[in-house]
Every structure is written in C-alpha cells, then in structure tokens.
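Report on the structure given below.
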Amino acid sequence: MRAIWSFWSKPYGSHYSANWLTEKHHWLSWVLSVETARRHYPDTALITDDEGADILVDRLGIQFSEVSLDLEALSDEDPCWWALGKLYAYRAQQKPFVHIDADVFLWKRLPLFVEQAPVFAQSPESADSSFYQKKSVIDALHNFGGWIPEPWQWYATSGVSQLAANCGIVGGTNTQMINEYAKLSFRTITDHANRAIWKHLNEGSDIMVIIEQYLLNACVEYSRRNGDASVYLQYLFGSIDGPYQAGNAAALGYSHLISGAKKNRNTMERIERVVRRDYPALYRRCMAYTEEAR
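Below, the structure written as structure tokens:
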C-alpha cells in the first residue's frame with residue numbers, strides 16, 4: 005500500500021498557518037507524519053504544487069518516492085476550499101493507498117481489516133450534528149439551480165443513518181470507487197452554477213467539510229443500495245467516540261492533532277522533542293527554514 009500526502013500551498017499561505025501554534029510546529033508535524041508512516045509504508049508520494057515542493061522537499065529535505073506537481077492546476081481556485089488538494093490527490097490514485105493528513109502520525113501500521121477494505125477512513129461522525137449544516141447547503145443548491153451529486157440527494161432523504169467520515173486518513177483498495185467520489189466532490193465545488201451560489205453562502209470552509217466528509221459516506225451507501233455489496237466504508241475507530249476514549253488511540257498507534265491540539269503548547273513541545281531526537285538532520289532543516297522565513 006502506498007502512503008500519500010497532499011499539500012496545496014495556497015490555503016496555507018492564506019489562512020491555514022493560523023491553525024498552528026507556530027509555523028515551525030507545522031513543518032515539524034510534516035516531518036513526523038511522513039517519517040512515522042514511512043516505517044510501515046516505504047512507498048511514499050507527495051502531491052503538491054511548485055511552492056509546496058520547494059518547501060517540503062528542497063528546503064526541509066523530506067524525501068518521497070514520488071513527487072507530483074499536479075496541484076499547480078489549482079492555482080486559480082479559492083483557498084477557502086482547503087481540501088481541494090486532497091480531493092485532487094484521491095482521484096489520481098490507481099492502486100491501493102492511504103492518504104495521511106500532515107497532522108496524523110502512524111506509530112503502528114494500520115490493521116489488516118483497514119488496509120484490505122475497499123474504502124476506509126479514520127472514524128465516523130454524526131452528520132446530524134450542528135457541525136454539518138448540510139440542509140442549508142442542499143437547500144441553497146436546490147433553490148438557486150445548483151448541481152447536486154445524485155448520491156448526496158439520495159443519501160439525505162434515504163432514511164439511512166446520517167454519518168460523515170473524519171478524513172484524517174482516507175484510502176482503500178477500490179480506487180475506482182474513491183476516484184468517483186473525489187470527482188463528484190470536485191465537481192460540487194467547481195461546477196459553474198454552484199460557484200455563484202457559494203459566493204452568497206460565504207461559508208466555504210464549513211461547506212468543504214460537508215463535501216469531503218459527508219459525501220464520502222453518501223457515495224458508499226449509494227453504491228451499496230444500487231447493488232454493489234462489495235463496497236463498504238471501514239473505520240479505524242468503530243465509533244464516534246472511539247478516537248477520544250482513553251487508550252484507544254494508543255492501542256492502535258494513531259495520533260491526530262484535531263482542532264485545538266495544533267495550538268496546544270505542551271503537545272507541540274512534545275512533537276519538537278521527538279523530531280529533534282529521532283530526526284536531527286530534518287529538525288535542523290526545519291529550524292533553518294523557519295528562521296530564514298521570518
């Protein structure tokens with residue numbers, strides 16, 4: 005299984021860097037994410053743009069088996085759609101893969117029941133929570149003549165339990181299914197009719213979560229309902245609370261710096277200590293780059 009990462013530099017320069025305690029800790033997290041996963045998945049790939057390759061590969065010295073600059077194609081897109089680079093990476097994969105966010109650390113290899121699944125993700129989330137304002141989005145698309153993926157329309161009214169998938173990791177063996185989901189997600193954002201509607205909603209970052217994480221479940225359930233029983237979505241953590249229950253993450257050897265964890269000083273200092281101890285050459289490159297970039 006190939007381990008892949010994506011880095012679209014435009015959202016980082018626009019706003020994403022503010023999610024971290026410091027820029028230095030963001031780059032240290034990249035080092036730790038890639039190097040921990042490399043122990044289990046030596047075939048690695050980075051899908052990025054020119055600026056991303058310059059920083060991660062040339063300046064920081066992080067090595068990948070393959071580096072693609074395909075995200076240059078997103079240079080004119082609005083950076084509020086911060087996960088577009090991930091979707092672009094998903095739809096380009098032709099063999100089993102795991103996409104790993106740069107704030108995710110795999111201390112252990114993923115279990116076989118995850119690796120061998122047609123589609124997998126980190127954990128389920130309730131799509132009925134206030135975090136997923138999907139009704140306001142689909143109502144706007146309906147009312148103003150937007151384009152809505154058929155799986156989304158079906159799933160929202162199917163009576164099936166409404167779940168989304170935390171996409172700290174995403175992958176699987178059924179790349180055709182994942183490619184189709186990614187294409188539908190990409191079109192939902194970039195469709196000409198929809199672009200005008202997004203401007204009026206003015207909540208692109210929140211809509212991005214719905215499109216990436218809710219539509220994945222919709223596509224899988226829609227495919228199953230239409231006769232493909234071989235497709236299912238496997239989670240690393242089997243319940244909504246799973247990632248947050250004491251001992252679960254440690255037992256699976258999995259860490260994800262969700263939300264405020266990226267600004268937690270104690271957590272960031274621990275990451276810095278680990279990188280300095282285990283990857284001293286890369287640590288020095290990070291220090292030199294962040295000093296230079298000030």
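5 is the number of the first residue of the sequence shown in this note's numbering; add one for each residue after it.
Backbone N, C-alpha and C fix where the C-beta goes; we use that ideal spot for every residue, glycine too.
8 Å Cβ cutoff met for residue i and residue j
i      : j      : result
Thr179 : Lys99  : yes
Ser72  : Ala49  : yes
Pro153 : Leu237 : no
Ile346 : Phe135 : No answer is possible for residue 346: it lies beyond the span of the chain, which begins at 5 and ends at 298.
Leu25  : Lys266 : yes
His103 : Ala87  : no
Tyr258 : Pro128 : no
Leu60  : Trp12  : no
Thr271 : Leu261 : yes
Leu167 : Ser130 : yes
Asp47  : Ser33  : no
Ala125 : Val174 : yes
Asp80  : Ala96  : no
Val224 : Val123 : yes
Glu76  : Met5   : no
Asn198 : Thr192 : yes
Gln137 : Asp210 : yes
Ala222 : Pro155 : yes
Ala144 : Ile201 : yes
His29  : Glu276 : yes
Leu110 : His44  : yes
Tyr283 : Glu39  : yes
Val279 : Leu114 : no
Ser227 : Met291 : no
Ile322 : Ser10  : Residue 322 is absent from the structure shown; the chain starts at 5 and stops at 298.
Ala160 : Gln217 : no
For residue i, the three-state DSSP class (helix, strand or coil)
i      : result
Phe3   : A question about residue 3 goes unanswered here, because the residues of the chain that appear run from 5 up to 298.
Gly56  : helix
Gly257 : coil
Arg6   : strand
Ile51  : strand
Gly150 : coil
Leu73  : coil
Boundaries of the beta strand (DSSP E) in which residue i is found, first to last residue
i      : result
Tyr94  : Element bounds for Tyr94: not the beta strand (DSSP E) but the alpha helix (DSSP H), Leu88 to Arg95.
Val102 : Phe101 to Ile104
Which residues DSSP lists as bridging residue i, in chain order
i      : result
Pro128 : Ala169
Gln238 : Phe124
Gly246 : DSSP output for Gly246 lists no bridge partner at all.
Leu205 : In DSSP, Leu205 forms no bridge with anything.
Leu110 : Tyr258
Gly176 : Phe101
Phe135 : Bridge partners of Phe135: none, in fact.
Residue i: first and last residue of the uninterrupted alpha helix (DSSP H) it sits in
i      : result
Tyr226 : Leu219 to Arg229
Phe190 : Thr179 to Thr194
Leu36  : Glu27 to Arg42
Glu276 : Arg269 to Asp282
Leu116 : Leu116 to Glu119
Any chain B beta carbon closer than 8 Å to residue i
i      : result
Gln166 : In the structure shown, chain B does not exist; there is a single protein chain.
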